[in-house]
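Protein chains: 2
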Amino acid sequence: MKEIPVGLLGFGTIGVGVARVLLDDGKLITRRVGAKIKLAGVADIRRGPRKGVKLPKGVFTTDALSVVDDPSIPIIIELIGGKTVAKKLVRRALERGKHVVTANKALLATYGDQLFRLASRKGVNLAFEAAVGGAIPIIRSLREAFVATQMTSIFAIINGTSNYILTEMTQRGTDYREVLAEAKKLGYAEADPTFDVDGTDAAHKLAILVMMAFGAPVTFSRIHRDGITGISPLDMAFAHEFGYRIKLLAIAKGDTSSIEARVHPTLIPKDHPLAGVEGVLNAVYLKGKPLGESMLVGHGAGMMPTAGAVVADVVEIARDIIAGCAPHRAPMRAWPEKSFRPISIRDIRERSGPYYMRIAVIDRPGVLSRISGILGAHRISIAQVIQKDRQVDGAVPIFLLTHEAVEKDLLAAVRKIDRLSMVKGKTAFLRIEE
Amino acid sequence: MKEIPVGLLGFGTIGVGVARVLLDDGKLITRRVGAKIKLAGVADIRRGPRKGVKLPKGVFTTDALSVVDDPSIPIIIELIGGKTVAKKLVRRALERGKHVVTANKALLATYGDQLFRLASRKGVNLAFEAAVGGAIPIIRSLREAFVATQMTSIFAIINGTSNYILTEMTQRGTDYREVLAEAKKLGYAEADPTFDVDGTDAAHKLAILVMMAFGAPVTFSRIHRDGITGISPLDMAFAHEFGYRIKLLAIAKGDTSSIEARVHPTLIPKDHPLAGVEGVLNAVYLKGKPLGESMLVGHGAGMMPTAGAVVADVVEIARDIIAGCAPHRAPMRAWPEKSFRPISIRDIRERSGPYYMRIAVIDRPGVLSRISGILGAHRISIAQVIQKDRQVDGAVPIFLLTHEAVEKDLLAAVRKIDRLSMVKGKTAFLRIEE
Numbered sequence: 001m002k003e004i005p006v007g008l009l010g011f012g013t014i015g016v017g018v019a020r021v022l023l024d025d026g027k028l029i030t031r032r033v034g035a036k037i038k039l040a041g042v043a044d045i046r047r048g049p050r051k052g053v054k055l056p057k058g059v060f061t062t063d064a065l066s067v068v069d070d071p072s073i074p075i076i077i078e079l080i081g082g083k084t085v086a087k088k089l090v091r092r093a094l095e096r097g098k099h100v101v102t103a104n105k106a107l108l109a110t111y112g113d114q115l116f117r118l119a120s121r122k123g124v125n126l127a128f129e130a131a132v133g134g135a136i137p138i139i140r141s142l143r144e145a146f147v148a149t150q151m152t153s154i155f156a157i158i159n160g161t162s163n164y165i166l167t168e169m170t171q172r173g174t175d176y177r178e179v180l181a182e183a184k185k186l187g188y189a190e191a192d193p194t195f196d197v198d199g200t201d202a203a204h205k206l207a208i209l210v211m212m213a214f215g216a217p218v219t220f221s222r223i224h225r226d227g228i229t230g231i232s233p234l235d236m237a238f239a240h241e242f243g244y245r246i247k248l249l250a251i252a253k254g255d256t257s258s259i260e261a262r263v264h265p266t267l268i269p270k271d272h273p274l275a276g277v278e279g280v281l282n283a284v285y286l287k288g289k290p291l292g293e294s295m296l297v298g299h300g301a302g303m304m305p306t307a308g309a310v311v312a313d314v315v316e317i318a319r320d321i322i323a324g325c326a327p328h329r330a331p332m333r334a335w336p337e338k339s340f341r342p343i344s345i346r347d348i349r350e351r352s353g354p355y356y357m358r359i360a361v362i363d364r365p366g367v368l369s370r371i372s373g374i375l376g377a378h379r380i381s382i383a384q385v386i387q388k389d390r391q392v393d394g395a396v397p398i399f400l401l402t403h404e405a406v407e408k409d410l411l412a413a414v415r416k417i418d419r420l421s422m423v424k425g426k427t428a429f430l431r432i433e434e
Numbered sequence: 435m436k437e438i439p440v441g442l443l444g445f446g447t448i449g450v451g452v453a454r455v456l457l458d459d460g461k462l463i464t465r466r467v468g469a470k471i472k473l474a475g476v477a478d479i480r481r482g483p484r485k486g487v488k489l490p491k492g493v494f495t496t497d498a499l500s501v502v503d504d505p506s507i508p509i510i511i512e513l514i515g516g517k518t519v520a521k522k523l524v525r526r527a528l529e530r531g532k533h534v535v536t537a538n539k540a541l542l543a544t545y546g547d548q549l550f551r552l553a554s555r556k557g558v559n560l561a562f563e564a565a566v567g568g569a570i571p572i573i574r575s576l577r578e579a580f581v582a583t584q585m586t587s588i589f590a591i592i593n594g595t596s597n598y599i600l601t602e603m604t605q606r607g608t609d610y611r612e613v614l615a616e617a618k619k620l621g622y623a624e625a626d627p628t629f630d631v632d633g634t635d636a637a638h639k640l641a642i643l644v645m646m647a648f649g650a651p652v653t654f655s656r657i658h659r660d661g662i663t664g665i666s667p668l669d670m671a672f673a674h675e676f677g678y679r680i681k682l683l684a685i686a687k688g689d690t691s692s693i694e695a696r697v698h699p700t701l702i703p704k705d706h707p708l709a710g711v712e713g714v715l716n717a718v719y720l721k722g723k724p725l726g727e728s729m730l731v732g733h734g735a736g737m738m739p740t741a742g743a744v745v746a747d748v749v750e751i752a753r754d755i756i757a758g759c760a761p762h763r764a765p766m767r768a769w770p771e772k773s774f775r776p777i778s779i780r781d782i783r784e785r786s787g788p789y790y791m792r793i794a795v796i797d798r799p800g801v802l803s804r805i806s807g808i809l810g811a812h813r814i815s816i817a818q819v820i821q822k823d824r825q826v827d828g829a830v831p832i833f834l835l836t837h838e839a840v841e842k843d844l845l846a847a848v849r850k851i852d853r854l855s856m857v858k859g860k861t862a863f864l865r866i867e868e
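Written out as structure tokens, the structure is:
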């Protein structure tokens with residue numbers, strides 16, 4: 001029986017999951033692969049046993065380089081996270097002609113282009129199914145199943161923490177802060193959840209999806225992102241009343257020459273397939289030709305589901321090794337490296353679509369007429385309006401849905417509205433996608 | 435630029451779609467594959483032009499053998515359908531050492547085992563993504579993404595015609611026959627829809643899913659199937675009232691030693707992810723370790739989505755050819771041929787779970803007590819009961835939900851209930867899955 005040794009860098013939650021899959025389910029994997037995937041080295045700066053797994057003797061080390069540089073190990077799994085040590089070790093492994101499997105979306109969204117080019121030159125694979133949507137087979141599907149499809153749009157729920165928070169806020173009418181505190185207790189939010197709730201993590205993943213779907217390298221810093229911290233239970237309740245749900249969506253639309261790419265809380269109709277994706281589940285909803293529409297749903301995080309995706313990448317590389325395939329049988333990022341072309345990202349100020357607005361006003365005659373006058377002057381027409389008589393901080397909220405409008409017009413109108421003496425605080429708005 | 439010639443057998447709807455993808459989107463595919471997939475031969479018994487596509491000169495023939503036997507063509511696409519000519523030509527192509535791509539679920543569900551063994555001996559691939567769930571990448575995902583997962587259950591909506599009919603019946607409260615007539619007009623049901631509405635088509639596909647998920651050959655004739663023809667608007671309305679939806683589900687549960695495998699209309703809770711899969715969409719919902727839960731949704735049929743899946747299989751084989759991989763880099767049916775093991779299929783009479791029952795009774799005192807007495811004597815306890823006073827054919831319907839019960843007990847109880855003088859007609863029952 002052929003053995004394929006693998007080295008594991010980072011023995012935290014996912015690392016322990018990977019070790020458990022390889023050690024506990026080794027027989028299943030060996031039966032399916034026709035070779036044994038052997039955990040030959042595990043490196044972490046923290047010593048000591050980990051719950052739920054017992055490594056074979058001599059496998060653990062605190063010296064990551066001894067694993068990366070071991071000439072008998074052809075596949076390195078990077079689960080350290082972050083962009084410093086991880087980057088150094090991934091580069092080193094690739095330089096030494098080793099295949100790398102990683103779940104590190106921040107690393108790929110920031111330095112992906114140079115790392116994929118390096119892997120390409122060295123004739124090795126850099127695989128990353130677990131980096132986007134955890135156990136959802138979206139990376140593989142974009143590379144293989146959807147190879148004949150020209151994507152036109154991607155809508156994705158790819159941050160479990162924010163989806164959990166929004167789901168709880170919707171179902172229980174609770175406040176953002178209250179749900180966040182609970183999510184931390186339950187382990188669904190990290191101690192510092194900034195990157196999850198401000199859209200950064202989703203933007204990292206969207207950069208990777210865009211790269212795969214449109215054949216273009218996109219640095220995540222060019223992706224517009226708004227977080228969920230400003231969503232109030234009022235927004236939730238009125239979205240509900242209008243027949244919508246609020247989800248933090250990563251959105252890309254366009255073709256291989258220019259796209260929109262943005263992450264923000266979005267109103268979607270309650271019968272949209274993504275509206276029912278609740279809690280910590282993730283989902284990617286795609287449209288394209290000839291595909292039509294497709295949606296993939298699953299666990300976006302969590303020790304065992306993510307570990308399963310990491311091991312699937314290891315198996316794929318092992319199968320290429322066993323079958324003696326030339327490097328990059330299937331292109332790492334869905335398009336051959338030499339066919340990657342720059343893509344222009346449209347300014348979000350040019351975004352066109354309907355909007356939801358919440359304006360806090362002092363209830364006096366003529367206020368709605370003033371507001372609709374300003375909107376009209378900016379080519380924005382009102383589709384629906386609801387005014388409630390419930391006072392919040394001495395003002396009443398007006399809720400508006402607009403017809404299709406251009407974002408820069410909306411921004412200009414909001415600036416003028418917020419200068420009215422009868423308007424209190426800042427007007428909140430959210431984008432609607434149908 | 436390297437060229438990979440392909441031959442196409444069957445120039446009907448999907449065949450035309452494949453030709454359109456290869457001819458119209460050829461540049462996209464060439465860019466992604468790094469080689470040109472060339473449509474070298476197209477065979478059909480029916481001559482004449484097809485709408486929406488113009489074949490290059492000299493490509494069309496009525497002589498399928500001239501395509502299958504052409505030594506310059508390494509990949510044959512079979513889209514003839516049926517189990518006679520298609521089987522003969524697929525066998526012949528495999529015998530001649532050609533890779534075959536097919537969308538023919540009936541062929542694979544019936545003769546798959548011998549065909550895969552032949553392909554295995556000949557060192558060629560038999561690929562079939564489009565055979566189950568059309569554009570949904572379920573076959574590929576079972577083979578690659580979920581390679582480390584031991585599946586525990588599969589619930590699938592894999593017949594678009596019946597899902598369309600049930601969706602329309604639910605949403606509009608219409609009768610089965612009325613909706614079927616409409617579906618035929620709209621092209622969502624064939625002139626003879628028997629195999630779609632009686633569960634045969636879904637059972638074909640389930641046989642393939644079981645083979646992939648559990649590593650066992652399963653002949654479809656061993657799969658229990660009930661169709662949707664007996665579902666009445668009354669069932670729909672009351673399922674709704676109890677918080678359920680009725681879907682024709684293909685279900686497999688178990689492990690690599692024994693499974694349940696069945697196709698039948700099923701009550702599922704209205705917040706189950708499959709409950710929202712409406713119209714002609716298909717979906718496969720999976721559970722396993724370490725995967726957790728996952729669902730893949732998309733077009734299960736239709737010219738262009740299905741054609742996209744066929745072309746993805748062609749590309750995968752082309753990539754293996756270009757990279758010079760040894761045969762069967764990834765096992766055709768997810769597990770290496772030599773690792774396939776028989777699996778025992780549990781008798782549906784041993785199925786255990788809750789049931790829905792509809793009993794037509796003459797409304798007189800004591801009827802419910804007689805019925806519940808019979809159920810109790812067969813170890814069946816009632817969870818909920820609703821009796822309506824609306825008369826249908828001189829009787830009133832009683833609707834029951836049971837707690838967990840064993841099917842053979844239920845069948846025995848139903849036989850006794852149907853013998854009661856106060857019971858009219860045959861008692862209908864449906865399985866509930868939570």
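If you read the sequences in order, they're chains A and B.
For the first sequence, the residue numbers in our numbering are 1 to 434.
For the second sequence, the residue numbers in our numbering are 435 to 868.
The beta-carbon is built from N, C-alpha and C at its ideal position, and this holds for glycine as well.
{"query": "Glu293 of chain A CB to nearest chain C CB: under 8 Å?", "result": "As a matter of chain content, chain C is missing from the structure shown, whose protein chains are A and B."}
{"query": "Please go through the same chain and pick out, in chain order, the residues whose beta-carbon is closer than 8 Å to the beta-carbon of His403 of chain A, but skip the five residues on each side of it.", "result": "Pro354, Ile380, Ser381, Ile382 and Ala383"}
{"query": "Can the beta-carbon of Met737 of chain B be found less than 8 Å from the beta-carbon of Thr536 of chain B?", "result": "no"}
{"query": "Using the Cα positions of Lys38 of chain A and Ala312 of chain A, report the straight-line distance between them to the nearest angstrom.", "result": "14 Å"}
{"query": "Determine whether the Cβ of His698 of chain B lies closer than 8 Å to any Cβ atom of chain A.", "result": "no"}
{"query": "Are any of the Cβ atoms in chain B nearer than 8 Å to that of Gln150 of chain A?", "result": "yes"}
{"query": "Would Pro571 of chain B pass as an interface residue toward chain A - the criterion being a Cβ-Cβ separation below 8 Å?", "result": "yes"}
{"query": "Using Cβ-Cβ distances below 8 Å, what residues of the segment 26 to 59 of chain A are close to chain B?", "result": "Leu28, Ile29, Arg31, Arg32, Val33 and Gly34"}
{"query": "For Arg763 of chain B, which residues in chain A fall below 8 Å Cβ to Cβ?", "result": "Arg319, Asp320, Ile322, Ala323, Cys325 and Arg329"}
{"query": "When DSSP labels each residue in this structure, what does Ile572 of chain B get in the three-state scheme?", "result": "helix"}
{"query": "Nearest CA to the CA of Lys461 of chain B: which residue from A:Pro265, A:Gln150, A:Gly160 and A:Thr174?", "result": "A:Gln150"}
{"query": "Quick one: what does DSSP say Phe833 of chain B is sitting in, helix, strand or coil?", "result": "strand"}
{"query": "Considering just the uninterrupted stretch of the alpha helix (DSSP H) at Tyr598 of chain B, what are its terminal residues?", "result": "Gly594 to Arg606"}
{"query": "Hey, could you find the ends of the beta strand (DSSP E) Tyr789 of chain B is sitting in?", "result": "Tyr789 to Val795"}
{"query": "Which residue from A:Gly133, A:Arg346 and A:Arg390 puts its Cα closest to that of Val406 of chain A?", "result": "A:Arg346"}
{"query": "For a contact defined as C-beta to C-beta under 9 Å, what are the partners of Met304 of chain A on chain B?", "result": "Lys723, Pro724, Leu725 and Gly726"}
{"query": "Who pairs with Glu437 of chain B in a beta bridge, going by DSSP?", "result": "B:Lys470"}
{"query": "With 8 Å as the threshold, decide whether the Cβ of His99 of chain A is near any Cβ in chain B.", "result": "no"}
{"query": "Closer than 7 Å by beta-carbon distance: list the chain B residues that pair up with Pro233 of chain A, in chain order.", "result": "What Pro233 of chain A touches in chain B: nothing, since even the nearest Cβ is about 22 Å away."}
{"query": "Can a CB atom of chain A be found closer than 8 Å to the CB of Ala579 of chain B?", "result": "yes"}
{"query": "For the segment 329 to 349 of chain A, which residues have a CB atom closer than 8 Å to at least one CB atom of chain B, in sequence order?", "result": "Arg329, Ala330, Pro331, Ala334, Trp335, Pro336 and Ser339"}
{"query": "Since I believe Val801 of chain B is in contact with Met856 of chain B (beta carbons under 8 Å), could you give me their beta-carbon distance rounded to a whole number of angstroms?", "result": "5 Å"}
{"query": "To the nearest angstrom, how far is it from the Cα of Asp235 of chain A to the Cα of Arg370 of chain A?", "result": "22 Å"}
{"query": "From the beta carbon of Leu430 of chain A, is the nearest beta carbon of chain B less than 8 Å away?", "result": "no"}
{"query": "Please decide whether Arg555 of chain B counts as near chain A, where near means a Cβ-Cβ distance under 8 Å.", "result": "no"}
{"query": "Only counting the same chain, and skipping five residues up and downstream in sequence, which positions put a Cβ closer than 8 Å to that of Phe648 of chain B?", "result": "Met585, Ala686, Gly688, Asp689, Thr690, Ile693 and Ile777"}
{"query": "I want to verify the contact list: residues of chain B whose CB lies under 9 Å from the CB of His299 of chain A, in sequence order.", "result": "Leu725, Gly726, Glu727 and Ser728"}
{"query": "Under the DSSP definition of a beta bridge, which residues are partnered with Asn716 of chain B?", "result": "B:Gly732"}
{"query": "Report the residue from B:Phe672, B:Ser587 and B:Arg480 whose alpha carbon sits nearest the alpha carbon of Val644 of chain B.", "result": "B:Ser587"}
{"query": "Can you tell me where the alpha helix (DSSP H) with Lys639 of chain B in it begins and where it stops?", "result": "Thr634 to Phe648"}
{"query": "Using the three-state DSSP reduction, which class does Met670 of chain B fall into: helix, strand or coil?", "result": "helix"}
{"query": "Measuring only the C-alpha atoms, how far is Pro217 of chain A from Ile158 of chain A?", "result": "19 Å"}
{"query": "Taking the alpha helix (DSSP H) that Phe146 of chain A falls in, what are its first and last residues?", "result": "Here Phe146 of chain A belongs to no alpha helix (DSSP H), and DSSP marks it neither H nor E."}
{"query": "Whose C-beta lies closer than 7 Å to the C-beta of Phe242 of chain A among residues of the same chain, with five residues either side of it excluded?", "result": "Gln384 and Leu401"}
{"query": "Any beta-carbon of chain A closer than 8 Å to the one on Ser575 of chain B?", "result": "yes"}
{"query": "Alpha carbon to alpha carbon, what distance is there between Leu248 of chain A and Val227 of chain A?", "result": "The sequence shown places Gly at residue 227 of chain A, not Val. If I take the Cα positions, the gap works out to 8 Å."}
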